[in-house]
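Chemist: Protein chains in written order, with our numbering: chain A, 7 to 153; chain B, 64 to 536.
For glycine and all other residues, C-beta sits at the position ideal for the given N, C-alpha and C.
Below is one structure. I have some questions about it.
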């Protein structure tokens, strides 16, 4: 009961007012009176603020519900996402990813590979020409950069 | 001590190189019994000596030996060890097949001499020794490519040697240019070229060195011979080229270009970066088209040289140390993967399996252990962690981010492209029902080497990154 020490003066005064009533009964009465007070305050708050503001809340919920939830969240947003996806699919997925990345890039790489493979003719004179041209190109590049 | 150890290595390898064919051809009258085993003993002794040297020199500065002709530090010993391991793998794997060739004693003799040449080349600190070592390694590689004496080997050897002559001439030109600037034959003298020296001569020397050494390792556009040799010659001989020659030449290329990079200045990343892009893109894109596994590996080798050039691009920048470490690790990965794959091809050849992708169908069921080993090797080539191929690419690509981020991006894209062709053999081996092929026997030396290469790739993935910080020139 040490936690309730701050109540001692109050209980004392209550006890004094109702002679012969034990502190615990006084405490129960105290909670009852306090609860009653809170209930009155709550009713007052509800009556004045909640009930009084009902038209406002009705209007707000109507607009929020209709404008944000129904129209924006359920209609415009999915519509926009769907439109974006459709556009993305037609303008990016199909031409860029499917046609470009998956087909044209791979075709390009393979075509480049076939061109590069032509260097490998199996003839030594071709290799020597490639070697010499490569060396000359390298030298030109080096000295070109120096200038 | 370093000088004594290198004298011992030279003594062992020259001794075996000369003694083994002499014994086999003369005293044993062509029974070809001694040379493989003598070579193997010599190579294993060399691994032991180099292993000891690597432990003692790991945190020591490089020392000059033989009157400054050679400079040996942990980087040189590491590359020498890789080359020796490569040669040992080839020697063991070739016990199954090469012993049957009429020229097999010469093969083993040349193998041990080539390893010695690789040591000299990697550690060369004087241009005179460099020319000697270059000649030794080059001539042996030309002879070894043609040693099987079939039409393809001879054709490959002729192409390789004819183009090699031009590369040798370019090296001589480059050395002459450097000598005109320094009046010295020491490789170390390159670092003493004053910043105000005739820059055009420095650039010319750099171009000649890059072209000549680049020819030997397959830098585009000096690569012409490589697909014809790597893609058509007997795979066991190609395993030697990948495991020994490429590592040795790559090592000296790095050592020569290291002091040249700061002299070239800002143009360096652009020049080497462009070569790197050409090389890896060419290798990867053409490899995508291949339906033949050996040809695919030939072009893949070119692509991997392109990755190594990414590390070279980082020289003289803040990423230099990382680049050198990446190069060291990538040579280890390249040797293990190259030797593993080409020995696997030699194994398939011996078992009567073709090299077309279709021929690999169902191999995963008939040869499960070897197929899993190949899977590991291919995953490492792709750069999948925690295998060594991942770490080497990670180091290489990270090294260049500060100086040329565009190159790092292109290298990563190229690495992505390579997945397209590395996945093909895996698909055919494990996800396609195939024709009947002979079952594997792990007692076969070539099959055992493939498995060992795969195991080492996993071990190296955990071990080598921890010693990478010591890989400095």
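#1: Alpha carbon to alpha carbon, what distance is there between residue 361 of chain B and residue 112 of chain B?
#2: Taking CB distances under 8 Å as the criterion, tell me whether residue 258 of chain B reaches chain A.
#3: Please check if any C-beta of chain A sits within less than 8 Å of the C-beta of residue 202 of chain B.
#4: Taking Cβ-Cβ distances shorter than 8 Å, what residues in chain A pair up with residue 262 of chain B?
#5: Suppose you measure from the CA of residue 402 of chain B to the CA of residue 155 of chain B; what does that come to, to the nearest Å?
#6: Smallest Cα separation from residue 540 of chain B: which of B:410, B:417, B:188, B:392?
#7: Assign residue 247 of chain B to one of three DSSP states: helix, strand, or coil.
#8: Looking at chain A, which residues of the stretch 346 to 366 of chain B have a Cβ within less than 8 Å of any of its Cβ atoms?
#9: Using a Cβ-Cβ cut-off of 7 Å (strictly less than) and excluding sequence neighbours within five positions of residue 168 of chain B, which residues of its own chain qualify?
#10: Which residues mark the beginning and the end of the alpha helix (DSSP H) in which residue 133 of chain B is found?
#11: Just checking: is the beta-carbon of residue 207 of chain B within a distance shorter than 8 Å of some beta-carbon in chain A?
#12: Kindly indicate which three-state DSSP category residue 347 of chain B falls into: helix, strand or coil?
#13: What residues from chain B crowd round residue 115 of chain A, counting only those whose CB sits closer than 8 Å?
#14: For residue 8 of chain A, which residues in the same chain have their Cβ closer than 6 Å to its Cβ, ignoring the five residues on either side in sequence?
#15: Thinking C-alpha only, which one of B:335, B:310, B:317, B:296 is nearest residue 357 of chain B?
#16: By how many angstroms is the C-alpha of residue 290 of chain B removed from the C-alpha of residue 260 of chain B?
#17: Is the distance from the Cβ of residue 77 of chain B to the Cβ of residue 179 of chain B below 8 Å?
#18: How about residue 433 of chain B and residue 342 of chain B: are their beta carbons less than 8 Å apart?
#19: Pick helix, strand or coil for residue 388 of chain B, following the three-state DSSP scheme.
#20: At a Cβ cut of 8 Å, what residues of the stretch 276 to 287 of chain B count as close to chain A, listed as they run along the chain?
#21: Go ahead and pull the three-state DSSP assignment for residue 88 of chain A.
#22: Looking at the unbroken alpha helix (DSSP H) that takes in residue 46 of chain A, where does it start and where does it end?
#23: Express the C-alpha separation of residue 419 of chain B and residue 255 of chain B in angstroms, rounding to a whole number.
#24: Consider the Cβ of residue 144 of chain A: report whether some Cβ of chain B lies at a distance smaller than 8 Å.
#25: Just the chain A side, please: which residues come within less than 7 Å of residue 244 of chain B by C-beta, in chain order?
#26: Output, in chain order, the set of chain A residues within a Cβ distance shorter than 8 Å of residue 266 of chain B.
#27: Quick one: does residue 141 of chain A have its CB under 8 Å from some CB of chain B?
#28: Identify the residues that DSSP records as bridge partners of residue 419 of chain B: which are they?
#29: Tell me, please, whether the CB atom of residue 126 of chain B is closer than 8 Å to any CB atom in chain A?
#30: What residues from chain B crowd round residue 123 of chain A, counting only those whose CB sits closer than 8 Å?
#31: Please classify residue 471 of chain B: does DSSP put it in a helix, a strand, or coil?
#32: Should residue 466 of chain B and residue 380 of chain B be called a contact, given that it needs their Cβ atoms to be closer than 8 Å?
#33: Would you say residue 334 of chain B lies against chain A (beta-carbon separation less than 8 Å)?
#34: Taking the alpha-carbon positions, what's the residue 511 of chain B to residue 451 of chain B distance?
Modeler: In short, the structure shows the following:
#1: 32 Å
#2: no
#3: no
#4: 152
#5: 11 Å
#6: No information on residue 540 of chain B is available, as it lies outside the stretch 64 to 536 that chain B covers here.
#7: coil
#8: 348, 349, 351, 352
#9: 83, 84, 87, 88, 95, 98
#10: Counting along the chain, residue 133 of chain B falls outside any alpha helix (DSSP H), though it belongs to the beta strand (DSSP E) covering 133 to 135.
#11: no
#12: helix
#13: 348, 351, 480
#14: The pLDDT assigned to residue 8 of chain A is 49, lower than 50, so where the model puts this residue is not dependable, and the model offers no usable value.
#15: B:296
#16: 39 Å
#17: yes
#18: no
#19: helix
#20: 278, 283, 284, 285, 287
#21: helix
#22: 29 to 51
#23: 53 Å
#24: yes
#25: The premise fails here: residue 244 of chain B is roughly 16 Å from chain A at the closest Cβ pair, so nothing lies under 7 Å.
#26: 148, 149, 152
#27: yes
#28: B:355
#29: no
#30: 349, 352
#31: helix
#32: yes
#33: yes
#34: 20 Å
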